[in-house]
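J.: Got a structure here, written out as structure tokens. Questions coming.
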Amino acid sequence: MALLLLLTLGLVFTGFLRLVHAQGVYAPPTVRIVHAAPACDVDEERFTERVHTIREGQTLELLCLVTGHPRPQIRWTKTAGGGAPDRHGDSAPPNETLRIESISRHQGGRYYCKAENGQGSPAIRSIRVDVYYLDSPVISVHQSLGETDQFYSDRTVFLRCEARSNPGPAYTWFRGRTALSEGSDRGVDIYEPLFTQGETKILKLKNLRPVDLSEYSCVASVRGVCGLKDKSATFRLTNATAPPAVRLLLPDPVLVNPGESVTLGCVPAAGEPPPSLSWVRAGGAELPAHSSANRGALTVTAVTAEDGGVYTCVASNNVGSPAKKNTTILVRGLRKGRFWITPDPYHGDDHIQIGREVKITCQVEATPPDELTFDWLKNGRPLRSSERMVITHSDPALSPARSSLDIIDLKFTDFGTYSCVASLRNGGSPEISIDVNISSTTVPPELTVPRGRSQLVVQEGESVDLQCVVSGKPKPTVLWFKLSPRDEQRVLEQRANEQRTEEPPPPLPDQQLLRRARAAGEQRTEEPPPPPPDQQLLRRARAAGEQRTEEPPPPPPDQQPPQGGAAEKRPDEERPPAAPDSSPSVHSPNGGPGLDSSPLMDGPGDVQTERPLVESVDGVLHLPNVTRDMGGVYRCQTSQLNGFNVRPRQALIQLQVHYPPVVEPPFAEVRQALGRAFSLSCGLLGAHPSRGLRFEWKLGARLLTRGQLQRGETQYQVRALNREGYGLYTCDISNEAGAGTCGFNVTGKAFAPEFYYDADSSLWQSRSSVYGFRLLWTQQEPDSVDRIVAYRLGLRQLSQTRWWEQQITIDSPIQKGALLSHNLTELVKPESYLVRLTPITRFGEGDASERIIAYTAPVNPHLRQFRCGFEDPALCQCGQDRGDAFDWTRHSAASRDSKYTPNTGPSADHRGDKGGHYLYIETSRPRVPGDKARLLTPTFNSAPSSNPAPNAPAPPNSPAYCFSFYYHMYGKHIGSLVVFLRQKSPSPTDTQVWSLNGNQGDRWRQARVNIQPSSAFQMVIEGVRGAGIEGDIAIDDISIEEGECKDPPPKNLRSLAPPPPLHIWTLSLSLTLAALIGRER
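Per the numbering used here, the very first residue in the sequence shown carries number 1481; after that it's consecutive.
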């Protein structure tokens, strides 16, 4: 019944198993890059490296042909630019293809194919892809004596023609229909400028004459390379030809209110031909998304502040230089209103006191700045400048603008709410009003950390709030910073030193401290209590020479007055505090900005050189989903804006992030045979806290051992593996935050087989409807587990879902690197099959490998006759060998380039047709003596005897064939031409059947040779480069016919198949139809 089913499917498992010894067939990878499509027909003499030329817009296909066992993985890379994604091998045969559809000029460059299989060093080969293109040329006109409104006589005019192309173009100038060349007209010079690449491109008209006023054409050509057609441009030179000029339609600048629309306009003021107009934005910025340009009109709708800036109208007509005019869009608006209170600047006091001076300053950014006005109010009533209430304004040209109210000799009646109102004279933007309260309760800020919150511990992945309590009126915002690792280490060392040398008393509540100060007759505001330890640490960390409060820090760069543009500063004009830079990424509870990846401070006290992480109104820094790299020391600091212009108050908070141990390996598979001893190791990469770590080994749920982790790893020793010892071993290393787990799956499963792909001619056919295939493989690490006793072979047609299986028995141990083979016969043509191979040990089935067997039809399955004259670009399925130095070239004498090497090579094909094609070897540079080009014919299937051994001598009844071809070997540097017979085998060898060398004259000759292969075969034609460039060898009209040659000419050698190699021996298996196991899954 099983036999009937097998025959119904049309396939039978037959054959024998071979073990091929050597160091094995394991071999490091080799790589060769070939291109699937033919390259452009270019002069290869100008290249000193291997280059593949292709026209822009075509499809690039590069094949990476590899050998080596195990099958190498393939990866494509490119040195620079885009276009070549990384690619890795998959289940397809190892001819990985890099394919780029519609290639562009920017995708040219050097491409690398890297193959590695763990044997030796990776193999890397590269090829440079040269993308050819030709753009339409552009003609531009210039004069030698500067630009004028018109091109007058007696002046020299230059016409420049330039086209982007690869390779560099050749230019031809025409006046009307007459071609111009150097020397053809005394009033014309044609030359190439210095420091330019390419050929002639400048047409110089000396002392412009009436005859020179004409139509000129420039033709750019790359000589038809890659089928690129010539392109041209035309320019008419007249006595009215003039460079462009442009005029703006609106005065500069253009002032617009937010939300309105504005149209910028420009028109040509001069120029012939009429110039084209375009708008660009300064600095290369893109035009607004809500803008539209129509010739000289640029319309921007719904204007916003971001649309303000400089816009440029450009007029160009390729005569002289483009003309440009700039205009500026100013969007009315008031932004960034801020204030600060400066206590008496002449006394080092942070508090407001009766009888002393106090100054209120407000700052606003305005557009346009000359329309900005400031008004001061007290309790809603306007204020005027007086002897005690001095109002000053900064220079309107400076931005941001400031206005100050200086209250001299502060009195109780001066307490109240002062308002600074900023507005624009012509409206267009809402006014900004800043209210500041001056009273006995207006006090500078104080900053503290709540008890127990200066050192926080959080688990990784949780959220945490860092809090600093700020007091004072007005209440300032709080800026948050994270110390750099260097500064954090310094702060922690200082804290540790203080804790060892000082034992500070326990802090008292603020109320008790205030009562004690009052009982001693002291004012708390004049002699504040000692700051907490964090405050002391910050003050000690600050370098000597800090600025006093009367000398606040300098403004940021955008607030500095221009050099030479500011009047001498009065003593009472204080500088504004630096504005915080808030770049959000982590949000604070009040919706303010968040974390920033900006650079941190240089030192703990350098508050002006760093950028804050967060500006918080309530003093809270919220950190969600804390990671281990977020641990460290954070500093909170009062902002000098919208508050007192005094030295910032600061405090420190240390955040410790606990995370469970990180271990390696997280998972590993260990394959071991029964009875063996081995050890498992689990290593620690990091943990916090890192003290008190414990480990625990388990097999499944069974506890094996536990203990304290003393070093950075722990090991478990298995003395003799038994069946109960197979399974999942785990090692947990734990701390307070959790545990990290190493996993080891100990199994006796065999590794997967490794299919062997480097054998040639594994496929054969003996009948018209079926074919056979020799399956080759090695076993990966056969000694790592118990001996492999059998393989389970599964086979399925890709078009079906049924699996058929057979068990292949292995009677002896398999050596590493031994090549195993099994013949599959009766495979239905032209179906493809999926093969699955699974090793079996006493543990059970191991890992399986799969590959696809695809049927490839020979050129002539019956091999009655094969002929090829190379007129087909596919070369009748002939191919170039992988291991040669260069390739045979298909050529036609009719398309020969004028730069060909003389005195060598044919002038037509062997029939005398100049339009006919043939193959030849090009021996010019970069070829060197001894370089070989090898052409492979398709594989032909001879009718083999029953189960033939590869490379066995041909039996007497093997069919004979006649291989014939024409050759042309003319030139004083001719090398040699050799023909080999290659037969199918696991390690194919080439047998020489014909050879000839030296100059044979300028004529085609025919060679015939008898061959008698015993298995599938192909012919190899090898051309060897001689001592010089006059050594081109050509071949044409190859043929293979059944039967011996009739009247073979001289120089023929009779060939037999090579003797069998000594390193191959055969282990026959008694596989008969009765022993076949076929079952359906």
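Using N, Cα and C, we set each Cβ at its ideal position, and we do this for glycine too.
Leu2399 and Ala2514 look like a contact to me (Cβ under 8 Å); what is the Cβ gap, rounded to whole Å?
T.: Confirmed, about 7 Å.
J.: Tell me, please, which residues DSSP counts as bridged to Gly2172.
T.: Paired residues: none, contrary to the question.
J.: Between the C-alpha atoms of Ile1670 and Ser1661, what's the straight-line distance to the nearest angstrom?
T.: Answer to the nearest angstrom: the Cα atoms are 7 Å apart.
J.: For Val1901, which option in Ser1879, Thr1853, Arg2129 and Glu1867 has the closest C-alpha, if you only look at C-alpha atoms?
T.: Checked all of Ser1879, Thr1853, Arg2129 and Glu1867; the closest Cα to Val1901 is Thr1853.
J.: Just to confirm, are Val1511 and His1549 a CB contact at a threshold of 8 Å?
T.: Cβ distance not < 8 Å, so Val1511 and His1549 don't count as in contact.
J.: Tell me the residue span of the beta strand (DSSP E) that contains His1770.
T.: Counting along the chain, His1770 falls outside any beta strand (DSSP E), and DSSP gives it neither H nor E.
J.: Taking DSSP as the reference, what is the three-state secondary structure of Arg2156?
T.: Looking at Arg2156 - three-state DSSP - the assignment turns out to be coil, as it is neither helix nor strand.
J.: Give the C-beta separation of Pro2353 and Arg2370 to the nearest angstrom, bearing in mind that I take them to be a contact with Cβ-Cβ under 8 Å.
T.: About 7 Å separates the two Cβ atoms, so the contact holds.
J.: Throw me the rounded Cβ distance for the Leu2164 and Leu2189 pair, which I believe falls under 8 Å.
T.: Contact flag correct, Cβ pair sits at about 7 Å.
J.: Reducing DSSP to helix, strand and coil, say where Gln2097 ends up.
T.: Looking at the sequence shown, residue 2097 is not Gln but Val. Coil.
J.: So, helix, strand or coil for Val1691, using DSSP?
T.: The answer is helix: DSSP assigns Val1691 an H, G or I state.
J.: Assess, as a yes-or-no matter, whether the stretch 1912-1924 is touched by the stretch 1748-1762 under the definition of 3 or more beta carbon pairs within less than 8 Å.
T.: The stretch 1748-1762 is not in contact with the stretch 1912-1924.
J.: Taking the continuous beta strand (DSSP E) assigned at Asp1886, which residues delimit it?
T.: Unbroken beta strand (DSSP E) run through Asp1886: Ala1881 to Ile1887.
J.: When burial is assigned at 16 or more other CB atoms within 10 Å of the CB, is Pro2310 buried or exposed?
T.: Pro2310 is exposed by the Cβ-count criterion.
J.: Which full runs of the beta strand (DSSP E) of 3+ residues lie inside the stretch 2230-2263, going along the chain?
T.: You should have 2233-2235 and 2250-2259.
J.: What's the call for Tyr1826, buried or exposed, on a 16-neighbour Cβ count within 10 Å?
T.: Exposed: under 16 other Cβ atoms inside 10 Å.
J.: With Asn2105 as the anchor, note down where its beta strand (DSSP E) starts and where it stops.
T.: Asn2105 -> no beta strand (DSSP E), and no H or E assigned at all.
J.: Taking a contact to mean a Cβ-Cβ separation below 8 Å, would you say Asn2490 touches Ala2440 in this structure?
T.: Yes, these two residues count as a Cβ contact at 8 Å.
J.: Need the endpoints of the beta strand (DSSP E) that Ala2487 sits in, please.
T.: Unbroken beta strand (DSSP E) run through Ala2487: Arg2485 to Ile2491.
J.: Around the C-beta of Gln2134, are 16 or more other C-beta atoms found within 10 angstroms, so that it is buried, or is it exposed?
T.: Counting Cβ neighbours within 10 Å, Gln2134 comes out buried, since at least 16 surround it.
J.: Do Asp1615 and Arg1655 count as a contact pair if the criterion is CB distance below 8 Å?
T.: Result no, Cβ atoms of Arg1655 and Asp1615 do not sit closer than 8 Å.
J.: Count the other CB atoms within 10 Å of the CB of Lys1558; is the residue buried (16 or more) or exposed (fewer)?
T.: Buried is the call here.
J.: Between Leu2278 and Tyr2313, is the Cβ-Cβ spacing less than 8 Å?
T.: Going by C-beta atoms, Leu2278 is nearer than 8 Å to Tyr2313.
J.: Taking the beta carbon of Pro2169 as the centre, do at least 16 other beta carbons fall within 10 Å, making it buried, or is it exposed?
T.: Pro2169 should be labelled exposed.
J.: Below 6 Å CB to CB, which residues in the same chain sit around Arg2322 once its five sequence neighbours on both sides are set aside?
T.: Asp2266.
J.: Between the alpha carbons of Val1469 and Ser1741, how many angstroms are there, rounded?
T.: Lying before the first or after the last residue shown, residue 1469 is absent from the chain, which here runs from 1481 to 2561.
J.: In or out: Arg2405 buried (at least 16 other Cβ within 10 Å) or exposed?
T.: Under this definition Arg2405 is an exposed residue.
J.: For Glu2261, is the classification buried or exposed, using 16 other Cβ atoms within 10 angstroms of its Cβ as the cut-off for buried?
T.: Counting Cβ neighbours within 10 Å, Glu2261 comes out exposed, since fewer than 16 surround it.
J.: Within its chain, find whatever has a CB closer than 6 Å to the CB of Pro2051; leave out the 5 residues flanking it on each side and keep chain order.
T.: Residue placement at Pro2051 is flagged as unreliable, the pLDDT there being 37, under the threshold of 50; a coordinate-derived value is accordingly withheld.
J.: What residue range does the beta strand (DSSP E) around Ser1756 cover?
T.: Ser1756 -> beta strand (DSSP E) spans Ser1756 to Arg1761.
J.: Applying the criterion that 16 or more other CB atoms from any shown protein chain within 10 Å of the CB defines a buried residue, is Gln1969 buried or exposed?
T.: Exposed, by the Cβ-count rule.
J.: With respect to the beta strand (DSSP E) encompassing His2448, which residues constitute its N-terminal and C-terminal limits?
T.: Taken as a continuous stretch (DSSP letters only), the beta strand (DSSP E) holding His2448 covers Tyr2441 to Met2449.
J.: If we ignore side chains and look at the alpha-carbon of each, how far apart do Phe2346 and Thr1652 end up?
T.: Spanning the two alpha carbons is a distance of roughly 50 Å.
J.: Three-state secondary structure (DSSP) at Leu2355?
T.: DSSP places Leu2355 in helix when its eight states are reduced to three.
J.: Specify, as a first and last residue, the run of the beta strand (DSSP E) that Glu2521 falls within.
T.: That run of the beta strand (DSSP E) goes Ile2513 to Glu2522.
J.: In whole angstroms, give me the CA-to-CA distance for Pro2032 and Leu1972.
T.: With a pLDDT of 39 at Pro2032, under the threshold of 50, the predicted position of this residue should be treated as unreliable, though the coordinate-derived value follows. Taking the straight line from one Cα to the other gives about 29 Å.
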